[in-house]
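This report concerns only the one structure given below.
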Amino acid sequence: MLDYFFGKPGELDADLALLGTSRRRIAQYVSLAIGVSLVGNFLGLTEVLLSTPLLADFARNNKLDTYYSVQNFKRYIDDENHLECLYPSSWLGDTSVYLKRNAQGAEALLQKRAGPTPLAAFSSPNTRKLENLSIFRSDIPEVDSISSVLGDDPIVAAQRLLDSAIAPPSSGKSASLLTASQRVDGAFTFEYMLTLPSGGNTFHNIAVIIVPPRMSQLFTFTILCPEDSWSQREAIFRLVAESFRLIK
0 MLDYFFGKPG ELDADLALLG TSRRRIAQYV SLAIGVSLVG NFLGLTEVLL
50 STPLLADFAR NNKLDTYYSV QNFKRYIDDE NHLECLYPSS WLGDTSVYLK
100 RNAQGAEALL QKRAGPTPLA AFSSPNTRKL ENLSIFRSDI PEVDSISSVL
150 GDDPIVAAQR LLDSAIAPPS SGKSASLLTA SQRVDGAFTF EYMLTLPSGG
200 NTFHNIAVII VPPRMSQLFT FTILCPEDSW SQREAIFRLV AESFRLIK
């Protein structure tokens with residue numbers, strides 16, 4: 000039966016040689032085609048494979064989720080500031096933040112910028128950017144811990160930030176604190192409601208603040224969700240907020 004399809008021993012190799020090829024070369028081409036398909040995520044095949052339980056941890060441990068969606072999330076890594084977080088893979092990065100941060104010699108945007116510096120921002124294209132996250136860096140005097148900046152009580156610190164920075168009386172916005180706590184890694188995290196002026200949208204937000212020890216920087220992560228979508232998005236948003244952390 001094999002002779003019927005492939006001929007007698009050696010005939011297949013001879014026929015391939017007449018065509019200027021060989022079994023080895025065909026195998027190489029097939030391997031190359033598979034490799035190109037995987038790297039290029041042809042038809043989403045790579046992301047499907049990397050999202051399987053067998054490969055998901057491997058993909059994350061090797062930072063493949065910075066390029067491919069793994070179980071519906073991608074990862075943002077900031078090597079300069081040693082930060083990372085997950086975000087929904089359908090969200091898009093804000094290119095204006097990227098350009099401002101990377102424009103060489105743009106002193107008006109970077110060196111002379113007053114207040115916090117934006118590091119990254121992502122938003123959902125399906126919600127008119129109402130669902131979004133942002134990361135900011137603020138320069139502060141060098142301190143030993145977050146308590147040196149915000150105090151020892153996360154609740155007091157969160158309320159002070161709401162009253163002075165997020166929704167001061169002059170802004171027309173209103174904010175109410177829901178919860179506040181300190182994570183095991185030392186970061187302060189708090190959850191709050193924010194209503195925009197003149198009957199605007201109400202958002203259910205989570206903020207995470209990190210102050211690296213013996214450094215003069217404070218990093219703020221905030222993820223926003225319209226209140227009417229919170230019940231459907233809560234699990235995803237909590238996972239994303241929890242993923243914001245310092246990396247070595």
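Under numbering that gives the first Met the number 0, the residues of the sequence shown are numbered 0 to 247, in order. Positions of the beta carbon are idealized from the N, C-alpha and C atoms, including for glycine.
Item                                                                                                : Value
Contact under 8 Å by Cβ, Tyr67 with Thr45                                                           : yes
DSSP-derived helix/strand/coil call for Ala240                                                      : helix
The stretch 174-181 touching the stretch 189-201, judged by at least three CB pairs closer than 8 Å : yes
Per-residue burial, Glu130 [other beta carbons within 10 Å of its own, 16 or more giving buried]    : buried
Range of the contiguous beta strand (DSSP E) that encloses Arg136                                   : 131-142
Residues near Ala120 in its chain [Cβ-Cβ closer than 6 Å; skip 5 each side]                         : Asp93, Val96, Ser133
Assigned exposure category for Asp64 - 16 Cβ within 10 Å defines buried                             : buried
beta-carbon Ala164 near the ligand ADP non-hydrogen atom, thresh 7 Å                                : With respect to the ligand ADP, the structure offers nothing, as it holds no ligand at all.
Beta-carbon spacing of Phe72, Pro52 below 8 Å                                                       : no
Contact under 8 Å by Cβ, Phe218 with Ala240                                                         : no
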